[in-house]
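Trainee:
Number of protein chains: 2
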Amino acid sequence: MNIQAPYLLFIGDATDLLSIKMARSAADWSPEKCLGEYRLPGCTVTTGFPAMSIQEAASKGAKSLVLGFANSGGFLDEVWIPTILQALDAGMDIVSGLHDKLTNVPALVKKASALGLQLIDIRHPTARFKTGTGKKRSGMRLLTVGTDCSVGKMYTSLSLTKGMQQAGLKATFRATGQSGILVCGAGVAIDCVISDFIAGATETLSPDNDADHWDIIEGQGSLSHAAFAGVSLGLLHGSQPDALVVCHALNREHMRGLKHYPLPSIEQTIELNLTHARLTNPQAKVVGIAVNTSMVDEQEALLICGQISQRTGLPCVDPIRHGVAAILERLL
Amino acid sequence: MNIQAPYLLFIGDATDLLSIKMARSAADWSPEKCLGEYRLPGCTVTTGFPAMSIQEAASKGAKSLVLGFANSGGFLDEVWIPTILQALDAGMDIVSGLHDKLTNVPALVKKASALGLQLIDIRHPTARFKTGTGKKRSGMRLLTVGTDCSVGKMYTSLSLTKGMQQAGLKATFRATGQSGILVCGAGVAIDCVISDFIAGATETLSPDNDADHWDIIEGQGSLSHAAFAGVSLGLLHGSQPDALVVCHALNREHMRGLKHYPLPSIEQTIELNLTHARLTNPQAKVVGIAVNTSMVDEQEALLICGQISQRTGLPCVDPIRHGVAAILERLL
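Chains as they are written, first to last, in this note's numbering: chain B, 1 to 332; chain E, 1001 to 1332.
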C-alpha cells in the first residue's frame, strides 16, 4: 500500500459526524497529510479543513481523493462514480474504505489504468491469512474494547500510543479499520477478512516483539452488538491482550444502528470481555475506562468520569479532554 | 447452485476421518446421490462406497467429481490439479468445498469453459449480504452449538430435522458449511462470509416463516475455540435461536487443532451460549445434549449419556446410536 499525500477528503452529502469518521480521523491524527475537503450539496458536517473543488485541490497539489465517508454495508453508490472519474482526470489516486471495491468498477479501472493512477481499496486485505493458533507471542499487547461501535476505540488507541511514545516507551499502533489504516499507513481491516480468519489475521497484525514493546491494537464493534460481535470476539482472541481499555460514549439511547437494543453497562462489558480474553491470555486485565464525553460540558464530564472510576475502581478519562496519563499510570 | 448427481467422492490421500467429513456427509445423508470414491495411494480412510477410477466412474454415469476432503485453511493444493483436469476431460462437473476457488485457477476455468462443464465452489456465497439487524423473525429456530469443532453439529441437526419431519412437523435443515450444503443442495458457508456480515448472512439463511415452522440451523465451531469463536458468535446472534442443542465428542484431549487448549465442560458451554443467545432472543433455552460416543462401546455410551443427563437435567443422547426422540420430546 502506497497512499500518496496530500489528501482531498471527500465527504459526499454526509449529515452525520460518525459517518465521516474516516475523513475526520485523517484530519485529526494526520493533519499534515490533508489539504482540504470536498463536499456535495446537502452536506452538513465538516472535517474542519477548507472546502475546495476537485480542480482547486488538484492545482494545489492534492495527490489522492479519499472517500472519507461510510454507509451501513459499505456500498459504493453509483452517484459517486462521476466525482471519482473527475478526480482521476485531475491526476489523483483514489483511496476508498468502502466494502465495495473500486477495482470492481470497470470504468474506474479503465481510466486509472490509462492515466497510470492507483485505485486503493484500503479495506481489502491483500495478505493471505491462516486460521488462528492461539499460541502465546512475545511482547505486550493492549486492546481497546467497547460498549458499542463508534465510541472512540481508535482515538483512545492512538492517544495511548502517543502517550507511551512520549514517555519513551516502545509502542506501535495497530490499525484494524479503514480510518486507522489511513492515519498510520498500515494495518488490516478486520471486518473485511473472511470470517474463518478473524483471529488468524489478528495474530499476524501483532507478531512476536521485544519483551518491553507494547502493541496498541484498535478494537472494533462490541461483544454486545447483534451485528458485529463475531468480529469483536475474533479480534479479542487473536489479540491475546495483556491489558484492555473499555471505551464508552455518553448519552447513547441504543446500540448503533439497532434501535431496539439498549447499551450494556460498563461493568457488563468488563465482565464479558475478561471472560473471553482469558481464553487466549489468562493474565488479561482491564486497566482503564475511556469515555467520549463530547456531548456534555467540562464539569459534567469530570463528574461522570469520577463516578465511573469510583464504581469500577479503575481510572476513567475522556482521552481528548483529559489525556490518558491516568490509564498509563495504572498500566505501567 | 445446480449440483449434478451422481457424485464421485474424491478423498485424496486422507488419513483422518475428520478431514473427509464432506465426502462422508454425502455418503451418509445422501447415499442415493453417491456412486463411488476416488482414492490416491496413502489414503487410509473410506466413505464406505466402492473405490473406482475417474474413467470407471464416468462410464457408470458420474456427473460430478466432489473434492470431499479438507485441510486447515482450505488450500487447493496444486497436486490435485491434474486429477481435476482428468475429471473434466471425462465429462464431470467439479464441486469443491475448499476456501481456495476452483474458478481462480485459469487452467481449470479454460477447460471447464471449453467443455461446457461447471466449477462449483460451494463454500463461496454468491449472494450479497447486509449487516445484521437483530430484528425478531417469525417461526421457530433451533441451533446446534458445540464444546469444540467437528463434534457432530451437522449430524445432530440433520437427525433432528429428520425426526421432526417424520413426526409430521414443519422443519427445514439450514446448512452453514460445505458438507451440509452438499447434502441438502442449499445454504451459506458461514466461515467464508466477510466477517462484517456473519450475523447478517445468518439472518438471511432462516427468514420469516410460519409460526409453527422450525428451522434447524447447523452450528459451526465453538465459542471456546481460539480460532473460530467469532464465527460461532455471529452465527448464534444471527440465528436468534429459541432452542439450543449442545454437541460434544468424548475422549478429546484438546480443542481441535490447538494442542495447548483443553475442552470446556458441557456446563460452561451451556452457560456461555445462553449468555450470548439471550442478546437476540431472551427466551433462548438449551433443550438437550448430543454426544458423539463412537469411541466407546454401547454400554459405556449409555452410562456416560445418563451421567450427563443427571448432571445437567437435560436429555442426553448419541443421535446416531440412540436417536433424538428424547430431545424432541423435551423441545415439543
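Every residue, glycine too, gets a C-beta built ideally from N, C-alpha and C.
Distance check for B/A243 and B/V286, CA to CA, integer angstroms please.
Mentor: 6 Å
Trainee: According to DSSP, is E/C1316 helix, strand or coil?
Mentor: strand
Trainee: According to a CB-to-CB cut-off of less than 9 Å, which residues of the stretch 1223 to 1252 of chain E neighbour chain A?
Mentor: Structure shown: chain A not included; protein chains present are B and E.
Trainee: Could I get the ranges of all uninterrupted alpha helix (DSSP H) runs contained in the stretch 93 to 144 of chain B, with 4 residues as the minimum, in chain order?
Mentor: 106 to 115
Trainee: So with Cβ pairs under 8 Å, would you call B/I190 a contact of chain E?
Mentor: yes
Trainee: At a Cβ threshold of 8 Å, is E/G1219 touching chain B?
Mentor: No, its Cβ sits nowhere closer than 8 Å to a Cβ of chain B.
Trainee: How about E/A1057 and E/L1108: are their beta carbons less than 8 Å apart?
Mentor: no
Trainee: Taking the C-alpha atoms as reference points, what is the distance between E/L1119 and E/L1102?
Mentor: Separation of E/L1119 and E/L1102 (C-alpha to C-alpha, rounded to the nearest whole angstrom) is 6 Å.
Trainee: Would you grab the beta carbon distance between E/V1188 and E/T1172 for me? Rounded to a whole angstrom, and I think it's under 8 Å.
Mentor: E/V1188 to E/T1172, Cβ: 14 Å. No contact.
Trainee: What does B/T44 reach in chain E if we use C-beta pairs closer than 8 Å?
Mentor: Within chain E, no residue comes near B/T44; the closest Cβ sits about 24 Å away, beyond 8 Å.
Trainee: Report, in whole angstroms, the separation of the C-beta atoms of B/T144 and B/V245, which I expect to be a contact under 8 Å.
Mentor: 5 Å
Trainee: Listed from N- to C-terminal order along the chain, which residues in the stretch 90 to 105 of chain B have their beta-carbon within a distance smaller than 8 Å of any beta-carbon of chain E?
Mentor: H99
Trainee: Kindly indicate if chain E contains any beta-carbon less than 8 Å away from that of B/L142.
Mentor: No, B/L142 does not count as interfacial toward chain E.
Trainee: B/L65 to B/P82, Cα distance in whole Å?
Mentor: 13 Å
Trainee: Contact between the stretch 233 to 240 of chain B and the stretch 270 to 289 of chain B: three or more CB pairs below 8 Å?
Mentor: yes
Trainee: Tell me the residue span of the beta strand (DSSP E) that contains B/L288.
Mentor: For the record, residue 288 of chain B in the displayed sequence is Gly; it is not Leu. Taken as a continuous stretch (DSSP letters only), the beta strand (DSSP E) holding B/G288 covers K285 to N292.
Trainee: Note down, in chain order, every chain B residue with its Cβ under 9 Å from the Cβ of E/L1258.
Mentor: G132, T133, G134 and K135
Trainee: With a cut-off of 8 Å on the beta carbons, I'd call B/I198 and B/G221 a contact; round off their distance for me.
Mentor: Contact doesn't hold; Cβ gap of about 11 Å is too wide.
Trainee: Assess contact between the stretch 288 to 300 of chain B and the stretch 246 to 266 of chain B, defined as three or more Cβ pairs (one per stretch) separated by less than 8 Å. Is contact present?
Mentor: yes
Trainee: Helix, strand or coil for B/D297 per DSSP?
Mentor: coil
Trainee: Which residues of chain E have a Cβ atom closer than 7 Å to the Cβ of B/T280, listed in chain order?
Mentor: A1226
Trainee: Taking the continuous alpha helix (DSSP H) assigned at B/W29, which residues delimit it?
Mentor: K21 to W29
Trainee: For my contact list, E/E1203 and E/T1133 are in at a C-beta cut-off of 8 Å; report their separation, rounded to the angstrom.
Mentor: 7 Å
Trainee: Sorted by chain position, which residues of the same chain lie with C-beta nearer than 7 Å to B/D121's C-beta, five sequence neighbours on each side aside?
Mentor: Only S96, K101, L102 and T103 meet the Cβ criterion.
Trainee: Roughly how many whole angstroms lie between the Cα atoms of E/L1142 and E/K1153?
Mentor: 12 Å
Trainee: Kindly confirm or deny that the stretch 315 to 328 of chain B and the stretch 1031 to 1048 of chain E touch, where touching means at least three C-beta pairs closer than 8 Å.
Mentor: no
Trainee: Just the chain B side, please: which residues come within less than 8 Å of E/G1180 by C-beta, in chain order?
Mentor: Neighbours of E/G1180 on chain B: none; closest Cβ ~16 Å, over 8 Å.
Trainee: Using a Cβ-Cβ cutoff of less than 6 Å, which residues in the same chain neighbour E/G1012 once the five nearest sequence positions on both sides are dropped?
Mentor: Annotation for E/G1012: L1040 and F1069 place their beta carbon closer than 6 Å to its own, counting only its chain and skipping 5 residues before and after.
Trainee: Using a Cβ-Cβ distance cut-off of 8 Å, determine whether E/A1199 contacts chain B.
Mentor: yes
Trainee: Measure from the C-beta of B/I194 to each C-beta in chain E and report whether the shortest distance is under 8 Å.
Mentor: yes
Trainee: Determine, for B/S72, whether the minimum Cβ-Cβ distance to residues of chain E falls below 8 Å.
Mentor: yes
Trainee: Starting from the C-beta of B/I190, find all residues in its chain whose C-beta is less than 7 Å away, skip the five residues before and the five after it, and write them out in chain order.
Mentor: Spatial neighbours of B/I190 in its own chain (CB-CB distance under 7 Å, excluding positions within 5 residues in sequence) are listed in chain order as T176, I198, A201, T202, Q220, V231 and L235.
Trainee: Run the CB neighbour count on B/L18, radius 10 Å, all protein chains shown included, and call it buried at 16 or more, exposed below.
Mentor: exposed
Trainee: Strictly below 7 Å CB to CB, what residues from chain E border B/Y261?
Mentor: G1134
Trainee: Give the DSSP-derived three-state secondary structure of E/I1198 in the structure shown.
Mentor: helix
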